[in-house]
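These notes are about the structure you will find just below.
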Amino acid sequence: MLRRSDKLNIIDHSTFQNIQKDVAQTAPRLPRSAKYKNKHKKQELQCTLFDFVVKSRQTQKQNKAKKLKRSQLTIMKPLYAAKRKGKTRLNPKEKVTRLKKMICSYRRLKKQKMSMGQRPNCEEELTEKLECLSLAATETCTQEDEKEEQLAAKIHSIHSRRFRSYCDNCTRPQLKQLSIQLLNDLNRFQQRAYAKNEIKARAHPRFVLGIREALARLRIQKVKLLILATDCEICPGERGLDETIEGLKDLCQQQTVPYCFPLVRRELSYALQKRAQIACVAILDYDGANATFNDLLSELEDAKAEYKRLTAV
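Numbering (the UniProt record's numbering), first residue to last: 1 to 313.
Listed below in structure tokens is the structure:
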């Protein structure tokens with residue numbers, strides 16, 4: 001009787017090769033991508049099912065729903081402040097511009113006159129009127145004085161401390177409303193850009209504040225609209241505030257840039273959510289508020305026509 005045992009199995013060389021091929025085909029293959037190339041170099045490290053798990057991509061609708069669920073972007077101050085280059089002084093000097101120096105000197109002179117109780121040219125005017133009355137030709141003097149008083153009354157009825165003589169258009173309520181709306185929209189766009197990427201927002205601002213910044217942008221022909229306050233301080237003389245405002249108007253006329261006088265300084269600061277009073281706003285990019293901008297320009301033409309009608313002799 002033959003005795004069979006599984007301990008010894010004698011096979012041919014060809015059958016042994018066939019068995020090896022079958023084992024190689026049935027064995028799990030290692031992934032050949034670059035991600036898992038270095039991971040499974042050694043034979044000891046075997047691949048698991050977690051290596052083949054792929055995260056499902058979210059659809060476009062799911063992404064939109066997530067964005068809508070998010071709260072509105074809030075502007076946060078940076079956690080770290082950028083270090084200033086150069087020297088740092090214990091008591092830094094305040095940088096005062098030439099225009100500010102002129103305004104301060106005019107204020108000092110005005111205070112001195114008020115403290116001394118001087119009223120310039122009042123006595124001289126009274127003496128001239130008395131001499132004029134005493135002359136034989138009293139009728140001619142009175143006629144000229146009446147004409148001058150009528151002209152002064154017309155100018156005085158329009159212009160005041162809150163609406164200076166450099167203004168070229170009337171401050172209509174619709175013009176005020178449109179200018180506030182435009183400034184609010186542009187301020188919102190600029191804040192949103194700062195929240196996303198501050199570097200890009202600084203490189204491409206929507207508007208700039210102040211007379212100096214407005215002059216700089218006007219020289220390189222980047223201004224689309226100039227908004228000036230109606231109640232800037234009186235500062236006559238060379239390189240004073242009155243002269244700089246006239247220079248701004250001349251530059252705008254040369255470059256065919258529209259400029260308007262819709263609001264007071266305090267209203268401009270309130271529209272842009274600033275504490276300090278603002279005398280000038282130069283709009284560089286009004287994309288996103290095109291309809292408001294066009295309505296403002298059409299309203300500005302009507303306001304200028306009304307001003308001309310009121311100031312006509």
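Yeah, the Cβ is synthetic: ideal placement off N, Cα and C, and Gly gets one too.
Judged by DSSP in its simplified three-state form, Ile103 adopts helix. Along the length of the stretch 204-254, whole beta strand (DSSP E) runs at least 3 residues long occupy 207-209 and 225-228, reported in chain order. DSSP places Ile283 in the strand class (E or B) of the three-state scheme.
Nearest Cα to Cys280 within the set Val223, Leu310 and Glu238: Val223.
Contact check for Phe207 against Leu228 fails: the beta carbons are separated by 9 Å or more. The C-beta of Ile158 has fewer than 16 other C-beta atoms within 10 Å across all chains shown, which makes the residue exposed. For the 9 Å CB-CB criterion, Ile180 and Glu299 do not form a contact. In the structure shown, Tyr194 adopts helical secondary structure according to DSSP, grouped into three states. The beta-carbon distance between Leu272 and Pro205, rounded to whole angstroms, is 13 Å. This is too long to meet the 8 Å contact definition.
If you compare the alpha carbons of Gln58, Ser14, Thr171 and Leu99 with that of Leu263, the shortest gap goes to Thr171.
At least 9 Å separates the beta-carbon of Ile278 from that of Tyr166.
Looking only at Lys200, Arg265, Asn169 and Gly210, the smallest Cα-Cα distance to Glu301 is reached by Asn169. The alpha carbon of Tyr106 has as its nearest neighbour, out of Thr292, Gly237 and Tyr259, the alpha carbon of Gly237. Secondary structure of Tyr259 (DSSP, three-state): strand.
Following the DSSP letters along the chain, one finds Asn294 inside the alpha helix (DSSP H) bounded by residues Asn290 to Thr311.
The beta carbon of Thr292 lies closer than 7 Å to those of Leu178, Gln181, Leu182 and Asp185 in the same chain, with the five residues before and after it left out. Rounded to whole angstroms, Tyr270 and Ala289 show a C-alpha spacing of 19 Å. Taking C-alpha positions only, Leu209 is separated from Ser115 by approximately 35 Å. With distances taken between CA atoms, Gln174 lies nearest to Asp295 out of Leu310, Asp295 and Phe16. Shown here, Pro173 sits in a helix according to DSSP, grouped into three states.
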